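Peer 1: Pasting a structure here, questions to come.
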Amino acid sequence: MARWPKPAEGSWTEHYPEIGTGLISFEDSVSPEFYELEREAIFRRAWLNVGRVEQLPRKGSYFTKEVRVARTSVVVVRDGGGGVRAFFNVCRHRGNKLVWDEFPGEETSGFCRQFTCKYHGWRYGLDGALNFVQQEGEFFDLDKEDFGLVPVHCEVWAGFIFVNLAREPEQSLHDFLGPMVTALDGYPFDKMTEWYVFRADNRSNWKIFADAFQEYYHVPALHPQQVPIEVRTPGSGFECAHFQLDGPHRVVSTGGARRWTLPPEYMYPIERATRSGLVGPWESPEIGEPPPGLNPGRIDPWGIDNFQIFPNLEILIYRGWYLLYRYWPTSHNTHHFEAMLCFQPATTVQERVEHEVAAVVFKEFALQDAGMLTGTQTALESGVLDRFPLNDQEVLVRHFHKVVADWVADYQKNHAEV
Amino acid sequence: MADSLLPAEFADLEPYAADWCLATETERYGKRLATSMQDIQAFYDAVVSRAEAAIAHCDRFPLDAMPEDALNLLHLLYSMINVSFCVEAWGQQRVPDTGAAMLDCLIEPVP
């Protein structure tokens, strides 16, 4: 009954023999001890996307990013030469948090000519150099050259700003992202600057939430309302058109008739009235020839590409717009979720309304996932079960947890040797 | 009708304007949760049938220079969109089974 062809091995899972087909454990999502390992093994080693270059429109623009899983805060800034730099958000004098407003634990953004510490007024340039020390003569042999802000490795790909908290990253960002992801080079993310930004504090492990966005097997059961009740088919499944793995990263593509080409009863009245809905606007301005990395399985008709970039970034590319998720762990069973819907700026009210509908419908269904996953977390924590079956539609869930385990094992091995 | 919020040709929607002309998603979603389904249904029914006319009216102006009455009309449309799933899919204000789940909108386009 397969709608889409599978690889010669008979399944997507067996196409990648290293991930196996056996039962898997979710101990990695309930164990406080494993979470402690993830801090160092993953979040202090992998490249982490903290924002977009559009958040730094001019020299002196900055934003802070709290990376609680790594127990740190980073300030990202557009320097005097127009480059993007990142620093640990700590004053060199007495260790005070340098950039924050009102609540030290909350993120902030703005524009400045220099950073001034709230505590004793030390000032740092946009390049991190220590430029001013109050009563410098009272110090003992203090050389300002030696007390600049501590830099964080920071690189930009396709307008996405990544940091790496390691002293020396094991790979450049480009090598880390690998050929599957960097084949998206040239996609006009920079044109999609009309943003909706949502956030949530969810009561589940970060991986449990990410799991729900890397398989569509759950859609008919959890989200039956994605299809109007009059045309809902009980027992119908969902089959994705293409899965692909590359290093620690994953992509899944959907395919099939576009929602708006179906008979009108397959859409809600709001969708018909506004020409937008579950999968966004029916039409978006042309974006030219897509890069080779888009629709890597050459699916026709293509639906969306859903890239999961290790460890905690997801980019879903629709027709002429994209959605972005980040999952920031805050404990072994909580995380901070960020979502952005990024459109080409509307030039008419009709287009604005289309974007508004897409954002509203996104929230309806994302809430359904968030509501359920608290239940997943608490039931997993009961410890009643410790081995779980995954099917071929869940191949990316299997891969994700294996990559996490591999990174932790690799870290432990290297540290055992030291 | 010096006190009217909406363009004259949408005077039939004026009874809803004071409550539902809301500029942010946070206000609109809050209003949705705080309103009875009976009132949501009445609001939705009134606005959805005028949606295409309302969009056409607003589209007579540039997005960054809309007169206040047209902007109010646009915000009214956004509110109708916000409650549309309550009426069309859920049959209740809150997404079913979402208990304490939340999703806050921090940044959104203006208008």
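In order, the protein sequence lines correspond to chains A and B. Under numbering that gives the first Met the number 0, the very last position in the first sequence is 417; numbers go up by exactly one each time. Under numbering that gives the first Met the number 0, the very last position in the second sequence is 110; numbers go up by exactly one each time. Where is the CB? At the ideal position from N, CA and C, for every residue including glycine. These numbers were taken from a predicted model, which means no experiment stands behind them.
(1) With a cut-off of 8 Å on the beta carbons, I'd call VAL29 of chain A and GLU393 of chain A a contact; round off their distance for me.
(2) Quick one: does VAL49 of chain A have its CB under 8 Å from some CB of chain B?
(3) Thinking just about the alpha-carbon of each residue, which of A:MET266, A:LEU221, A:ASP304 is nearest to the one in GLN243 of chain A?
(4) Can you list, in chain order, the residues of its chain with a C-beta nearer than 6 Å to that of MET0 of chain B? Leave out the 5 residues immediately preceding and following it.
(5) Between PHE42 of chain B and chain A, is the shortest Cβ-Cβ distance under 8 Å, so that the two count as touching?
(6) In the DSSP output, what is HIS334 of chain A paired with across the bridge?
(7) Check whether the Cβ of ARG356 of chain A lies closer than 8 Å to any Cβ atom in chain B.
(8) Apart from the five residues on each side of it in sequence, which residues of its chain come closer than 8 Å, Cβ to Cβ, to THR25 of chain B?
(9) For the beta strand (DSSP E) containing PRO150 of chain A, name the first residue and the last one.
(10) How many angstroms separate the CA atom of ASP368 of chain A from the CA atom of PHE309 of chain A?
(11) Helix, strand or coil: which one does DSSP assign to GLY136 of chain A?
(12) Just the chain B side, please: which residues come within less than 7 Å of ALA365 of chain A by C-beta, in chain order?
(13) Rounded to a whole number of angstroms, what is the C-alpha to C-alpha distance between LEU366 of chain A and ALA408 of chain A?
(14) So the candidates are A:GLY287, A:PRO291, A:LEU312, A:TYR317; which of them puts its Cα closest to the Cα of TRP301 of chain A?
(15) Below 8 Å, can you find three or more Cβ-Cβ pairs linking the region 338 to 351 of chain A to the region 193 to 200 of chain A?
(16) May I have the straight-line CA-CA distance separating PHE102 of chain A from ASN88 of chain A, to the nearest angstrom?
(17) Would ILE54 of chain B pass as a contact of CYS85 of chain B if the rule is Cβ separation under 8 Å?
(18) Would DSSP call VAL250 of chain A helix, strand or coil?
(19) Tell me whether the region 203 to 216 of chain A and the region 260 to 280 of chain A touch, counting them as touching only if at least three CB pairs, one residue from each stretch, are closer than 8 Å.
(20) Expressed to the nearest angstrom, what Euclidean distance is found between the alpha-carbon atoms of LYS64 of chain A and TRP406 of chain A?
(21) Using the beta-carbon of each residue, which ones in chain B are nearer than 8 Å to GLU193 of chain A?
(22) Find the nearest neighbour of GLY80 of chain A within the set A:VAL73, A:VAL396, A:SER203, A:PRO56, judged by alpha-carbon distance.
(23) Would you mind working out which of A:PRO4, A:LEU164, A:LEU47, A:GLU35 sits nearest HIS248 of chain A, comparing C-alpha positions?
(24) What three-state label does DSSP hand VAL75 of chain A in the structure shown?
(25) For LYS117 of chain A, count neighbouring Cβ atoms within 10 angstroms of its own Cβ and tell me buried if that reaches 16, exposed if not.
(26) Between which two residues does the alpha helix (DSSP H) harbouring ALA24 of chain B extend?
(27) By the 7 Å beta-carbon criterion, what residues does the region 53 to 85 of chain B contribute toward chain A?
(28) Please list, in chain order, all residues of the same chain as THR273 of chain A whose beta carbon is under 7 Å from its beta carbon, the five residues on each side excluded.
(29) Going along the chain, which residues of its own chain have a beta-carbon closer than 8 Å to the beta-carbon of PRO95 of chain B, five neighbours each way excluded?
(30) With distances taken from CA atoms, which of A:GLU39, A:ARG2, A:THR12, A:GLU8 is nearest HIS414 of chain A?
(31) With a threshold of 16 other CB atoms inside 10 Å of the CB of LEU293 of chain A, please say whether the residue is buried or exposed.
(32) Return the first residue and the last residue of the alpha helix (DSSP H) that TRP19 of chain B is part of.
Peer 2: Looking at the coordinates:
(1) In fact, because the Cβ distance is near 19 Å, the residues do not count as touching under 8 Å.
(2) No, VAL49 of chain A lies away from the interface with chain B (no Cβ there is under 8 Å from its Cβ).
(3) A:ASP304
(4) Caution applies to MET0 of chain B, whose pLDDT of 48 falls short of 50 and renders its modelled position unreliable; the value that the coordinates give is listed next. Closer than 6 Å at Cβ, skipping near neighbours: no residue.
(5) no
(6) A:ASN201, A:PRO328
(7) Here the sequence assigns Val to residue 356 of chain A, which means Arg is not the residue at that position. Closer than 8 Å: yes.
(8) ASP103, CYS104
(9) 150 to 156
(10) 21 Å
(11) Helix at GLY136 of chain A.
(12) Within chain B, LEU102 have C-beta atoms less than 7 Å from the C-beta of ALA365 of chain A, given in sequence order.
(13) Rounded to whole angstroms, the separation of the alpha carbons of ALA408 of chain A and LEU366 of chain A is 34 Å.
(14) A:TYR317
(15) yes
(16) 14 Å
(17) Contact: no.
(18) strand
(19) no
(20) Taking the straight line from one Cα to the other gives about 24 Å.
(21) PRO108
(22) Nearest of A:VAL73, A:VAL396, A:SER203, A:PRO56 to GLY80 of chain A, Cα basis: A:PRO56.
(23) A:LEU47
(24) strand
(25) An exposed status is given to LYS117 of chain A, since fewer than 16 other beta-carbon atoms sit within 10 Å of its beta-carbon.
(26) Reading the sequence as shown, one finds Glu at residue 24 of chain B and not Ala. Element bounds for GLU24 of chain B: 24 to 32.
(27) ILE54, CYS57, ASP58, LEU62, LEU73, LEU76, TYR77, ILE80, ASN81, SER83, PHE84
(28) VAL352, GLU353, VAL356
(29) TRP89
(30) A:GLU39
(31) buried
(32) 13 to 19
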